[in-house]
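**Student:** Quick one: structure below, then a few questions.
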Amino acid sequence: MLLTIFFLIILPFFLLELSHKFRIDSPLRLKPKKYKIHKTDSTQTYIALVEISNVDKRMEVMIPFFKVCPQLIGIAKDELTSIHTKIKPLHPDEEHKKNDYWSAYILKSKKSTYVEIEVKYQVKNSSIDNIECLWVDIEWGNYGPFGFFTRFDGFVLPNSTNLPINKTSKTNLVEPIKTHILGTLDDPITILKSYIPKNYSPSDIITIGESPLAIMQGKYIDFRNINISNIARLLCKGFHPTSSLATACGMQTLINIYGPTRVIISWLVGGFCKTFGIRGMFYRLAGEQARLIDDITGTTPPYDKSIVLGPKDTKSFCIKASKDLQVNVAVVDVNDLGKVKILSTNNNNNNTELIKRALNSNPAGNANQHTPIVLIRHSEPVENSHDSEN
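Taking our numbering, the leading residue of the sequence shown gets 1048, the next gets one more, and so forth.
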């Protein structure tokens, strides 16, 4: 009898995990590699190189179409005079065809191909400096043993004429630092080197938000890529409306990371504990990403239509960044409610309480301030104590 009950409980979870493991998915991965800009007074041309990789050991996948929709962030449509896009496949095993037709391409297992994207636009002279970035929105097909579906990817190309510069800081004890809109083509440590004031002190602390760091690591997902299950639709209803897990896409993202069994059990145990006044048990059991996922609208445009995950290897990042910059570094998650979560720091013992006190008022903000970095001073700044090239 007990054995029968055991199997009745375990078997559904086993089948659920099996179904999740073999869900429809494609082994193709798209990643921007580099870009360059050609510019005149009112015209700019971006040329970006994108890599598409097949990570499967044996599956061949076809790419029947590839479309690009560029969007300029920071100006209105009537300020844009013209915009033109060209797509050039750079397949290693095919000659380039001099036309705009995308021929269906077979990407073999463990192989990569490249696509060059050229975006040329002209704006009114008074508007060129208002452009914050170019968002490259890509819609492309994946066709193979899994069937067919459309994938959506996007990345930022910054406006080189409108980048903040590294300079000597004020004497503020807590100073938010403005940057350009960050993206996957930015290296996090290089960004810190570029933007932190020249006169910082080794005893100071540089904090960076967890979402901007995750974005630079490519840890964001277009909501159109998420296939929602009935389980996600059910579980998300148990969360506060402001939670990033209160939508089916947010919950499905968590399920895709940890699997349905862990999320369901965490949901059941969390609900049971909540009836006895014990809160937060779901987040303790469901995994670190349960607290860190930001649903759409939770991040500054153009990432406001993406689900941003928590960053990876934050401890290693803090240690390496601190060693390279000779300053204390922390990765933080702060909101307007005064909640400060320190994901990692290179100096846990001495900095934790100071960081929490300094960031309690959320000086960086959660809107469109573009200040993902905050400088916390331990003492008065020393003029030119560090060179920005170091």
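Don't be surprised by glycine CBs; every beta carbon is placed ideally from N, CA and C.
(1) Quick one, which of Ile1120, Lys1266 and Asp1233 has its alpha-carbon nearest Pro1348's?
(2) With three or more C-beta pairs closer than 8 Å as the rule, is the segment 1255-1267 touching the segment 1180-1200?
(3) Leaving out five residues before and five after Ala1333 in sequence, what residues of the same chain have Cβ atoms less than 7 Å from its Cβ?
(4) Taking 8 Å as the threshold (beta carbon to beta carbon), is Ile1122 in contact with chain C?
(5) Considering only the alpha carbon of each residue, which of Ser1391, Gly1318, Val1374 and Ala1293 lies closest to Glu1335?
(6) Among all the DSSP beta bridges, which residues are the ones paired with Gly1188?
(7) With a threshold of 7 Å on Cβ separation, who are the neighbours of Asn1437 within its own chain once the five nearest residues in sequence on each side are excluded?
(8) For Pro1428, does the count of other Cβ atoms within 10 angstroms reach 16, so buried, or fall short, so exposed?
(9) If we ignore side chains and look at the alpha-carbon of each, how far apart do Asp1269 and Arg1326 end up?
(10) Can you give the Cα-Cα distance for Ser1353 and Glu1142, rounded to whole angstroms?
(11) What are the complete alpha helix (DSSP H) segments, minimum 4 residues, inside the segment 1307-1391?
(12) Which word fits Ser1408, buried or exposed, when buried means at least 16 other C-beta atoms lie within 10 angstroms of its C-beta?
(13) Over what stretch of residues does the beta strand (DSSP E) that includes Gln1118 continue unbroken?
(14) Asp1147 and Leu1422 - do their beta-carbons sit closer together than 8 Å?
(15) Spatial neighbours of Val1162 within its chain, please: CB distance less than 6 Å, with the 5 preceding and 5 following residues excluded, ordered by chain position.
(16) Following the continuous beta strand (DSSP E) through Pro1235, name the residue where it begins and the one where it ends.
(17) Per DSSP, which one or two residues make a beta bridge with Pro1079?
(18) Do you know offhand how far Ala1095's Cα is from Tyr1082's?
(19) With H, G and I counted as helix, E and B as strand and the rest as coil, what does DSSP make of Tyr1247?
(20) Considering only residues of the same chain and omitting the five flanking positions on each side of Phe1080, which have a CB-CB separation below 6 Å?
**Tutor:** Taking the geometry as given:
(1) Ile1120
(2) no
(3) Scanning its chain for C-beta atoms nearer than 7 Å, with the 5 sequence neighbours on each side dropped, one finds around Ala1333 the residues Leu1301, Tyr1305, Arg1309, Val1310 and Ser1313, in chain order.
(4) Looking at the structure shown, chain C is missing, and only one protein chain is on hand.
(5) Here the closest residue by C-alpha is Ser1391.
(6) Thr1197
(7) Model confidence at Asn1437 stands at a pLDDT of 39, short of 50, so the residue's coordinates are unreliable and nothing is read from them.
(8) Model confidence at Pro1428 stands at a pLDDT of 49, short of 50, so the residue's coordinates are unreliable; what they give is reported in the following sentence. By the 10 Å Cβ count, Pro1428 comes out buried.
(9) 31 Å
(10) When rounded, the distance between both Cα atoms is 35 Å.
(11) 1307-1321, 1328-1333, 1336-1339 and 1361-1372
(12) exposed
(13) Phe1113 to Ile1120
(14) no
(15) Val1097 and Pro1136
(16) Run containing Pro1235: none in the beta strand (DSSP E); it sits in the alpha helix (DSSP H), Pro1235 to Tyr1242.
(17) Val1097
(18) Distance between the alpha carbons of Ala1095 and Tyr1082 is about 4 Å.
(19) Three-state DSSP puts Tyr1247 in coil, outside helix and strand.
(20) Residue 1080 is actually Lys in this sequence, not Phe. Apart from sequence neighbours up to five positions away, the residues of its chain that approach Lys1080 with a beta-carbon distance below 6 Å are Leu1096 and Glu1098, ordered along the chain.
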